[in-house]
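Enquirer: Take this structure, written in structure tokens, and hold onto it; I'll ask about it next.
Numbering (this note's numbering), first residue to last: -4 to 706.
Shown next as structure tokens:
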């Protein structure tokens, strides 16, 4: 049966209701899901909000702490800055800070005090304006410098990257030193240091130094004056005593004259030692390096001690290594003094035996230097090992019975040690008591360049040389010297042995004992070899007269002496008609010394002209021709140095060869010899004059057409 309409409506309504319920359930489910989702999102947002609030709170806390820390730091900076400026304000020196445009940023009161009352100087003032103010207001003492020059100098300093310090003197006598430094941003920090006390202290020290130097000059002048005043009369005393001893006095008079001479020489030794030691103690000894001939210097020392050597009958030898150079650069005066002290001591403390001076060395070609070893060996008393250091002390001598009779200051070895040490060397002593002593020292000296060194050649034609020398030491040294020169020598014990030989080219005969029998040995050789040159090797103090036909070679001799002797032998003697008398001019104001000098030349073939002052010496030189001039240094009206300068001018106007001028001086102070040589004098003798030294110089300087020592 068909549903009724009502039933259909009911069904339709039911279906609609069911559909609505399902839709409602669906929507409710969706709403529930949405609510759940919304709840979850809300919960998440709540968490985020909580977290964000916590972060915000933390940041607010940190910000609060940072603000507090910054405030504290700013407070500290302000405090430090205030403390720094307080410190800068309290220092006595000026401080200023300038920016890159040189405008003043800040300055402390001492800096600004310099401009007080002179104008406004403060922050913003330019450095150039400050300089203008200093000039315009006379704030600085320009010491005569032009204002614009000072301005340019001060402004130009700041244009440099490294600003040099400068010292400025203010109007009130205050000295400041400006120490300026560049900052990293181009500005300048300026420190103005008050150095017035330092300047005043320097002035005081300078005044004290000047006074000390003046006192030192006064002391030196006093020593020089005393040296001159003592040496001048002592020249007369010692010189006259020497001359008296040559006049055949009786035994008692000879003793008196010897006592006068020895006492005078002892006094001079003391004067020399005291002068030298005072200069060494005051560090006033200055070495004067110059080229010199060392071998010649050693031979000169031998000549100095030769009279004592001959008086005691000692065997004195010099062994100069023939492979050593002879020309060095050093202070010859001081080296001679060292050797004279050592050799003089050896000769003084020995009564018999020998004294040997030996010089060896090692050359460094790369450095052009030579380390030289000097030894002075004797066969005398010797020294106890425990006394070695003692004798090198000041005023020290060995106090024992054997040495008590020897006088002296005890300064010689002390002076020697100090001089050697000043030359960078060492000095030593090796000795056995009773078995002699050996003093030695070593120094290193530069060599004279080969271009400056003199060269000596043995003349050709010497094929046979006979040497007659009884003394073994002399023969050994002479043999080595001649062998090094390439000379073919035959050594014989006496003249008789030579008569069996064929004629030689030259004969050397040594030792004065060969001549003590009336020159029979010479006569024998002359009769056997009438055309052969004969050379007698003699000591300076030998009393033997050598025949005119025989040349002489003084022992110990320099190799140059040997060269000269060989050359003369090769050339032969000039005819008698060519020989003239030596012309000597001597200037000496002291009458006693004139007499001494004249007597010293009485046995010499010379014409002597005496002048009493420099003016007279120049006048005599102008109107005459002289071979040698002896010139006293201290004379009235015109001294010897000025006279020598005028003599050199006369020679230049004449175009003549300079004549040797020998200084005779009683001065012995630092610089004397240098000043004398600068005045044109070529040689230097210290008073009291010694006859052997004068004769040696005359022999050395005499022209070849003179023979001043002919008999």
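Beta carbons: idealized from backbone N, C-alpha and C, even for Gly.
All of these numbers come straight from a predicted model, not from anything done at the bench.
For the beta strand (DSSP E) that residue 335 lies in, which residues bound it at each end?
Expert: If you number the chain shown from 1, residue 335 lands on position 340. Note, residue 335: premise wrong, no beta strand (DSSP E); alpha helix (DSSP H) at 327 to 343.
Enquirer: Can you name, in chain order, every residue of its own chain whose Cβ lies under 7 Å from the Cβ of residue 156, other than the five neighbours on each side?
Expert: For the purposes of this step, residue 156 is taken as residue 161 along the chain shown, with counting starting at 1. So the qualifying residues of the chain are 177.
Enquirer: With a cut-off of 8 Å on the beta carbons, I'd call residue 464 and residue 505 a contact; round off their distance for me.
Expert: As a first step, residue 464 must be located in the chain shown, where it is residue number 469. As a first step, residue 505 must be located in the chain shown, where it is residue number 510. Right, their Cβ atoms sit about 4 Å apart.
Enquirer: What does a CB cutoff of less than 8 Å around residue 575 pick up in its chain, not counting 5 residues either side in sequence?
Expert: Position 580 of the chain shown holds residue 575. For residue 575, where only same-chain residues beyond five positions count, the Cβ hits under 8 Å are 700 and 701.
Enquirer: Please classify residue 73: is it buried, with 16 or more other beta-carbons within 10 angstroms of its beta-carbon, or exposed?
Expert: Numbered from its first residue, the chain shown carries residue 73 at position 78. Classification for residue 73: exposed.
Enquirer: In whole angstroms, give me the CA-to-CA distance for residue 25 and residue 53.
Expert: The residue labelled residue 25 in the question sits at position 30 within the chain shown. The residue labelled residue 53 in the question sits at position 58 within the chain shown. Using only the alpha carbons, I get a separation of about 41 Å.
Enquirer: For residue 57, which of helix, strand or coil comes out of DSSP?
Expert: As a first step, residue 57 must be located in the chain shown, where it is residue number 62. Three-state DSSP puts residue 57 in a helix.
Enquirer: Report back the beta-carbon spacing between residue 314 and residue 472 to the nearest angstrom; my notes put them in contact at under 8 Å.
Expert: On the chain shown, residue 314 is found 319 positions in, with the first residue counted as 1. On the chain shown, residue 472 is found 477 positions in, with the first residue counted as 1. Contact holds; Cβ gap of about 6 Å.
Enquirer: From residue 318 to residue 422, what does the alpha carbon distance come to, in whole angstroms?
Expert: By 1-based counting over the chain shown, the position of residue 318 is 323. By 1-based counting over the chain shown, the position of residue 422 is 427. Computed Cα separation, rounded: 23 Å.
Enquirer: At the level of alpha carbons, what is the spacing between residue 681 and residue 659?
Expert: Translated into the one-based positions of the chain shown, residue 681 becomes position 686. Translated into the one-based positions of the chain shown, residue 659 becomes position 664. Going by the C-alpha atoms only, they are around 6 Å apart.
Enquirer: Where DSSP assigns a beta bridge to residue 423, which residues make up the other side?
Expert: The sequence position of residue 423 within the chain shown is 428, counting from 1. In the DSSP output, where bridge partners are listed per residue, residue 423 has 435.
Enquirer: Just the Cα atoms here: how many angstroms apart are residue 709 and residue 458?
Expert: Because the chain in this structure spans residues -4 to 706, residue 709 falls outside the shown range and cannot be described.
Enquirer: Note down the Cα distance separating residue 617 from residue 594, rounded to an integer number of angstroms.
Expert: Position 622 of the chain shown, counted from the start, is the residue given in the question as residue 617. Position 599 of the chain shown, counted from the start, is the residue given in the question as residue 594. Each residue's Cα considered, the two are about 26 Å apart.
Enquirer: What do you get for residue 217, buried or exposed, if any count of 16 or more other CB atoms within 10 angstroms of its CB means buried?
Expert: Taking the chain shown and counting its residues from 1, the one referred to as residue 217 is at position 222. Result: exposed.
Enquirer: What residues are listed by DSSP as bridge partners for residue 368?
Expert: Locating residue 368 in the chain shown gives position 373, where the first residue counts as 1. Answer is 355 and 437.
Enquirer: Give me the DSSP bridge partner(s) of residue 164.
Expert: Looking up residue 164 in the chain shown gives position 169. BP columns for residue 164 point to 136 and 170.
Enquirer: Can you list, in chain order, the residues of its chain whose CB lies under 6 Å from that of residue 371, leaving out five sequence neighbours each side?
Expert: The residue labelled residue 371 in the question sits at position 376 within the chain shown. If we look at residue 371 and ignore the five residues flanking it on each side, its Cβ neighbours are 337, 338, 341, 352 and 434.
Enquirer: Using C-beta distances below 6 Å, list every residue in its chain close to residue 327, excluding the 5 sequence neighbours before and after it, in chain order.
Expert: Taking the chain shown and counting its residues from 1, one reaches residue 327 at position 332. Within the same chain, residue 327 has close Cβ partners 287 and 292.
Enquirer: Below 8 Å on the Cβ atoms is my contact criterion, and I expect residue 470 with residue 486 to pass it. Report the Cβ-Cβ distance as a whole number of Å.
Expert: As a working note, residue 470 is residue 475 in the chain shown. As a working note, residue 486 is residue 491 in the chain shown. Right, their Cβ atoms sit about 6 Å apart.
Enquirer: Give me the Cα-Cα distance between residue 425 and residue 608, rounded to the nearest whole angstrom.
Expert: Stepping through the chain shown from its first residue, residue 425 is reached at position 430. Stepping through the chain shown from its first residue, residue 608 is reached at position 613. C-alpha separation (whole angstroms): 51 Å.
Enquirer: Do three or more CB pairs link the segment 187 to 207 to the segment 229 to 236 at distances below 8 Å?
Expert: no
Enquirer: Among 59, 671 and -1, which residue has its Cα nearest to the Cα of residue 638?
Expert: Residue mapping note: residue 638 aligns to position 643 of the chain shown, counting from 1. The candidate whose alpha carbon is nearest that of residue 638 is 671.
Enquirer: How would you label residue 390, buried or exposed, when you count the other beta carbons within 10 angstroms and need 16 or more for buried?
Expert: By 1-based counting over the chain shown, the position of residue 390 is 395. With a pLDDT of 46 at residue 390, under the threshold of 50, the predicted position of this residue should be treated as unreliable, though the coordinate-derived value follows. So residue 390 ends up on the exposed side.
Enquirer: Under a Cβ-count criterion, where at least 16 other Cβ atoms within 10 Å of its own Cβ denotes burial, should residue 5 be classed as buried or exposed?
Expert: In the chain shown, residue 5 corresponds to position 10, counting from 1. Answer is exposed; the Cβ neighbour count stays below 16.
Enquirer: Name, in chain order, the residues that DSSP records as bridge partners for residue 89.
Expert: Locating residue 89 in the chain shown gives position 94, where the first residue counts as 1. In the DSSP output, where bridge partners are listed per residue, residue 89 has 187.
Enquirer: What's the gap between the Cα of residue 346 and the Cα of residue 307?
Expert: For the purposes of this step, residue 346 is taken as residue 351 along the chain shown, with counting starting at 1. For the purposes of this step, residue 307 is taken as residue 312 along the chain shown, with counting starting at 1. Residue 346 and residue 307: Cα-Cα distance of roughly 6 Å.
Enquirer: Going by DSSP, what residue range makes up the beta strand (DSSP E) through residue 549?
Expert: Translated into positions along the chain shown, residue 549 becomes position 554. Note, residue 549: beta strand (DSSP E), 546 to 549.
Enquirer: Applying the criterion that 16 or more other CB atoms from any shown protein chain within 10 Å of the CB defines a buried residue, is residue 641 buried or exposed?
Expert: Residue numbering aside, residue 641 sits at position 646 when the chain shown is read from its first letter. Per the 10 Å Cβ criterion, buried.
Enquirer: Straight-line CA distance for residue 698 to residue 289?
Expert: Counting from one through the chain shown, the residue named residue 698 turns up at place 703. Counting from one through the chain shown, the residue named residue 289 turns up at place 294. So the alpha carbons of these two residues sit roughly 24 Å apart.
Enquirer: Taking Cβ positions, are residue 304 and residue 350 nearer each other than 9 Å?
Expert: Residue 304 sits at position 309 when you count from the first residue of the chain shown. Residue 350 sits at position 355 when you count from the first residue of the chain shown. Against a cut-off of 9 Å, the Cβ pair of residue 350 and residue 304 comes out as a contact.
Enquirer: Pairing CB atoms from the segment 551 to 561 with CB atoms from the segment 188 to 202, are three or more of them under 8 Å?
Expert: Touching, no, given that fewer than three Cβ pairs across the two stretches are closer than 8 Å.
Enquirer: Work out the CA separation of residue 309 and residue 707 for me, nearest whole Å.
Expert: Since the first and last residues shown for the chain are -4 and 706, residue 707 lies out of range.
Enquirer: Which one or two residues does DSSP pair with residue 322 in a beta bridge?
Expert: In the chain shown, the residue the question calls residue 322 occupies position 327. According to DSSP, which records beta bridges pairwise, residue 322 is partnered with 288.
Enquirer: Of the residues 629, 632 and 676, which one's Cα is nearest the Cα of residue 644?
Expert: Working through the chain shown from its first residue, we reach residue 644 at position 649. Checking every option, the nearest Cα to that of residue 644 belongs to 676.
Enquirer: In whole angstroms, give me the CA-to-CA distance for residue 525 and residue 704.
Expert: Here residue 525 is taken as the residue at index 530 of the chain shown, counted from 1. Here residue 704 is taken as the residue at index 709 of the chain shown, counted from 1. Spanning the two alpha carbons is a distance of roughly 23 Å.
Enquirer: Between residue 619 and the rest of its own chain, which residues show a CB-CB distance below 8 Å, the 5 nearest in sequence each way excluded?
Expert: For the purposes of this step, residue 619 is identified with residue 624 of the chain shown, where counting begins at 1. Cβ neighbours of residue 619 beyond the five flanking positions: 578, 580 and 604.
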